[in-house]
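Asks: I'd like to ask you about the structure that follows.
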Amino acid sequence: MDLHLGQAQPTHEEKLAADSVLGTPDGENSSGRDLLLPTLHAIHHRMGWISPGAVNYAATRLKVAPAEIYGVASFYGLFSLSPRPPVVAHVCDDIGCMVRGAEKLCHQIESALGPAGSACAGGRATWLRSSCLGLCERAPAALISSAGENPKERVVAAATSEGIQTLVKDAIAEKLPSEPDTLNIQLSVPQAGSPNLRLLRRVGRTNPASLDDYRVQDGYEALRMTFDMGPEGVIRKIADSELVGRGGAAFPTARKWQALHAQRRLGLPQYIICNADESEPGTFKDRILMEGDPFAVLEGMTIGAVATGAQRGYIYLRAEYPLAAERLSHALKIARENGLLGENILGRGLNFDIELRRGAGAYICGEETALFNSIEGYRGEPRNKPPFPTQSGLFRRPTAVNNVETLINVPEIIRSSGAAKDIANARLFCLSGHIVRPGVYEIEMGMTLRDLIGLAGGVGGNGRLQAVLLGGAAGAFVSLKELDLPLTFEATRAIGATLGSGVVMLFDDSVDLKQILLRIAAFFRHETCGQCVPCRVGVVRQEEALQRLIQGKPLGSAGQEISTLKEMAQAMRDASICGLGQTASSAIESALQRWSLFS
Ligand SMILES: Cc1cc2nc3c(=O)[nH]c(=O)nc-3n(C[C@H](O)[C@H](O)[C@H](O)COP(=O)(O)O)c2cc1C
Ligand code: SF4
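Next up, the structure:
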């Protein structure tokens with residue numbers, strides 16, 4: 201990139217793009233730094249990249265140093281700071297897609313379009329390899345984005361080389377289909393229609409764009425009840441349900457909400473955030489919920505506002521979910537028009553609104569404090585804790601962060617007349633890889649892993665199961681001997697595993713697990729924010745050590761190299777400041793414990 205940022209001028213189009221977010225310089229305008237990410241998105245969507253002139257313009261408009269703007273823009277994987285063709289095919293080569301032919305697909309694309317990153321179609325298109333796109337039930341997957349006056353993003357899954365090339369051609373001709381994706385319920389939610397479902401009961405059965413349909417299926421009944429229960433009543437009911445967060449850390453939701461409620465005495469603005477970043481490889485449950493039941497996410501957040509006293513909410517959605525973005529935006533608009541968001545909600549004196557913010561391709565922004573920095577317009581780097589978010593969160597104000605699935609539980613719990621605990625015992629799992637019927641499954645906690653695999657039709661691929669990855673890239677592998685594991689927090693913890701974000705990815709015995717470990721290591725090397733040394737250095741050294749082991753060229757013996765890997769894992773666990781560094785070795789270590797992969 202041109203380092204003479206100070207001299208570069210924006211083009212007319214770049215100015216128009218930034219002004220669409222910031223307002224015209226001489227008219228009504230907003231200049232908060234938290235508008236930086238939306239501004240960068242607007243520029244990128246219009247131009248396909250962010251030029252030095254555009255950086256300067258954003259800097260002038262936001263009164264932030266150009267170097268700061270550059271620092272933020274360069275943090276995010278989806279932003280390009282060098283000229284790039286307007287049409288980009290992002291082809292997933294992460295673990296879920298790897299076992300479903302992603303490598304072959306990438307080779308085919310390479311033959312057709314040239315090497316990844318190079319321009320094709322007369323400079324109008326390119327393709328790139330991508331980390332998990334959250335479409336694992338339909339792997340392999342790709343996302344086509346086209347920049348310009350009418351930018352579009354379209355998903356193709358299951359992707360073929362021909363399918364991707366057709367969409368690239370359509371994008372160049374500005375003929376992409378108007379729907380970003382379609383939610384194929386039979387494929388994505390094989391249990392759809394089953395009378396026992398709680399969390400997924402509306403998905404595929406109601407029109408996600410219709411508030412009337414949502415209301416017919418009990419929508420907004422819980423919010424009405426909430427007003428009569430008051431904050432204490434709501435928090436008590438959530439506490440009775442023993443609901444714990446579904447974002448990975450399993451923290452009791454009522455405790456979080458109680459802590460925020462208690463901060464009301466300070467009279468500060470308070471926030472509730474729906475964490476919809478969902479970038480853990482193998483996870484797609486939140487996407488299905490947002491695509492299939494978006495009003496329930498809003499209702500859960502609004503109930504959270506009653507309970508905690510938050511006046512404003514944010515949904516932080518990963519950038520790679522265009523259909524979820526469209527469905528949520530529509531639901532927000534309809535909710536506002538119907539007095540379900542905004543001033544004096546349902547005439548009960550509650551003032552609360554929600555804003556949708558999109559990430560830009562950074563897994564770390566799912567970590568709650570990194571997410572705050574991202575919304576505020578800084579690099580998505582985690583903060584030290586304490587202070588905890590309920591004390592000092594978004595804009596340094598008290599904040600509660602809740603996962604999408606956690607929030608979907610809330611209206612169900614409030615409405616329940618029986619034991620609320622039964623509701624919170626339901627949990628979503630994302631089945632992918634070598635499974636007969638991949639998709640999101642809702643089960644009662646405590647079902648064994650074997651039974652869950654059976655529910656999804658059994659082992660796919662060649663039918664000979666080798667390993668299961670539980671909890672995602674930050675989770676752990678389990679072996680065939682452990683299939684009778686009850687899926688509970690306690691039982692998984694006892695074997696050194698985790699339910700994490702609900703990933704259950706199967707690998708048959710044709711898969712080279714060493715290559716899967718290497719891909720996981722590459723993922724963490726790519727996604728570290730680089731802020732603290734043990735993680736920044738550890739994830740690089742971890743990948744290098746695995747590469748040497750795979751090539752049969754360990755430093756010393758294979759045993760010595762593995763000991764070094766374990767020592768590094770311990771150092772990362774002990775000394776990293778956030779969960780990314782602390783868990784970046786978990787899956788790799790779990791595999792080394794269970795199998796002699798390098799002897
Ligand atoms: C690297 C990293 C990524 C994370 N990504 C997500 C995510 O995508 N979605 C999510 O809900 N929680 C994610 N979390 C956990 C959040 O920090 C936080 O605990 C969670 O959103 C709280 O919501 P819950 O209590 O409902 O689970 C992540 C944590 C780490 C360390
Ligand atoms: S542990 Fe890694 S991702 Fe987390 S703050 Fe440190 S460097 Fe960043």
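Residues 201 to 799 (the working numbering) make up the sequence shown, in order. Glycine included, C-beta positions come from ideal geometry on N, C-alpha and C.
Just the C-alpha distance for methionine 647 and leucine 655, rounded to the nearest angstrom, thanks.
Replies: When rounded, the distance between both Cα atoms is 10 Å.
Asks: Can you name the start and end residues of the alpha helix (DSSP H) that tyrosine 270 belongs to?
Replies: Note, tyrosine 270: alpha helix (DSSP H), 266–273.
Asks: Among Ala624, Ala267, Glu581, which has the Cα closest to the Cα of cysteine 732?
Replies: Cysteine 732 has its Cα closest to that of Glu581, out of Ala624, Ala267, Glu581.
Asks: Hey, leucine 556 and leucine 517: beta-carbon distance below 8 Å or not?
Replies: Against a cut-off of 8 Å, the Cβ pair of leucine 517 and leucine 556 comes out as a contact.
Asks: Could you check whether proline 286 and alanine 347 sit closer than 8 Å to each other, using their CB atoms as the reference points?
Replies: Yes, the Cβ-Cβ distance between alanine 347 and proline 286 is below 8 Å.
Asks: Is it the case that the segment 375–383 contacts the segment 322–330, given that we only count it when at least three CB pairs across the two stretches are under 8 Å?
Replies: The segment 322–330 is not in contact with the segment 375–383.
Asks: Taking the alpha carbon of alanine 217 as the point to measure from, which residue in Gln207, His244, Leu205, Ala721 has its own alpha carbon closest?
Replies: Residue His244 is the option with its Cα nearest to alanine 217.
Asks: Does the Cβ of leucine 628 have 16 or more other Cβ atoms within 10 Å, making it buried, or fewer, making it exposed?
Replies: With 16 or more Cβ atoms within 10 Å of its Cβ, leucine 628 is classed as buried.
Asks: Tell me whether the beta-carbon of phenylalanine 707 lies closer than 8 Å to the beta-carbon of serine 790.
Replies: For phenylalanine 707 and serine 790, no; Cβs fall outside 8 Å.
Asks: How many Å lie between phenylalanine 484 and isoleucine 653 at the Cα?
Replies: Near 17 Å, if we compare the C-alpha coordinates of isoleucine 653 and phenylalanine 484.
Asks: What number of angstroms, rounded off, separates the C-alpha of cysteine 306 from the C-alpha of methionine 490?
Replies: Rounded to the nearest angstrom, the two C-alpha atoms are 29 Å apart.
Asks: Within 10 angstroms of its Cβ, does alanine 619 collect 16 or more other Cβ (buried), or is it exposed?
Replies: By the 10 Å Cβ count, alanine 619 comes out exposed.
Asks: So the candidates are Gly500, Gly561, Cys630; which of them puts its Cα closest to the Cα of leucine 541?
Replies: Taking only the C-alpha atoms, the option nearest leucine 541 is Gly500.
Asks: Thinking C-beta only, is alanine 342 closer than 8 Å to isoleucine 364?
Replies: Against a cut-off of 8 Å, the Cβ pair of alanine 342 and isoleucine 364 comes out as a contact.
Asks: Tell me, please, whether the segment 677–691 touches the segment 734–749 by the rule of three or more beta-carbon pairs shorter than 8 Å.
Replies: The segment 677–691 vs the segment 734–749: no contact.
Asks: Consult DSSP for alanine 174 and reduce its assignment to one of helix, strand or coil.
Replies: This structure gives no information on residue 174, because the portion of the chain shown stretches from 201 to 799.
Asks: Which stretch, first to last residue, makes up the beta strand (DSSP E) that contains leucine 706?
Replies: Unbroken beta strand (DSSP E) run through leucine 706: 703–708.
Asks: Between Leu278, Pro210, Val264, which lies nearest to glutamate 520 when the distance is taken from Cα to Cα?
Replies: Of Leu278, Pro210, Val264, the residue nearest in Cα terms is Leu278.
Asks: In chain order, what residues of the same chain have a beta carbon less than 6 Å from the beta carbon of alanine 339, not counting five sequence neighbours either side?
Replies: Answer for alanine 339: Gly296, Cys297, Arg300, listed in chain order.
Asks: Which two residues bound the contiguous alpha helix (DSSP H) that contains glutamate 576?
Replies: Unbroken alpha helix (DSSP H) run through glutamate 576: 568–576.
Asks: Taking just the CA atoms, how far does cysteine 474 sit from asparagine 603?
Replies: Roughly 6 Å between the two C-alpha positions.
Asks: Any chance you could list the alpha helix (DSSP H) runs of at least 4 consecutive residues sitting entirely within the segment 673–757, in chain order?
Replies: If we require 4 residues or more, the alpha helix (DSSP H) runs fully inside the segment 673–757 come out as 689–694, 713–727, 733–750.
Asks: Select from Ile608, Asp651, Ala525 the residue whose C-alpha is nearest the C-alpha of alanine 422.
Replies: Taking only the C-alpha atoms, the option nearest alanine 422 is Ile608.
Asks: By DSSP, does asparagine 475 sit in helix, in strand, or in coil?
Replies: DSSP places asparagine 475 in strand when its eight states are reduced to three.
Asks: Is leucine 780 near ligand 4, judged by its Cβ being under 7 Å from some heavy atom?
Replies: What this structure holds is ligand 1 and ligand 2, not ligand 4.
Asks: Just the Cα atoms here: how many angstroms apart are leucine 532 and arginine 637?
Replies: Their Cα atoms are separated by approximately 33 Å.
Asks: Can you tell me whether DSSP reads glycine 618 as helix, strand or coil?
Replies: If DSSP states are grouped into helix, strand and coil, glycine 618 belongs with coil.
Asks: Can you give the Cα-Cα distance for glutamine 386 and tyrosine 276, rounded to whole angstroms?
Replies: Looking at the two C-alpha atoms, the distance is approximately 34 Å.
Asks: Can you give me the Cβ contacts of leucine 335 inside the same chain, cut-off strictly under 6 Å, excluding the 5 residues immediately before and after it?
Replies: Excluding sequence neighbours, leucine 335 sits near Ala341, Ala357.
Asks: So what's threonine 426 in DSSP terms, helix, strand or just coil?
Replies: Three-state DSSP puts threonine 426 in a helix.
Asks: Assuming alanine 273 and leucine 240 make a contact with CB atoms under 8 Å, what is their CB distance in whole Å?
Replies: With 8 Å as the limit, alanine 273 and leucine 240 qualify as a contact, their Cβ atoms being about 5 Å apart.
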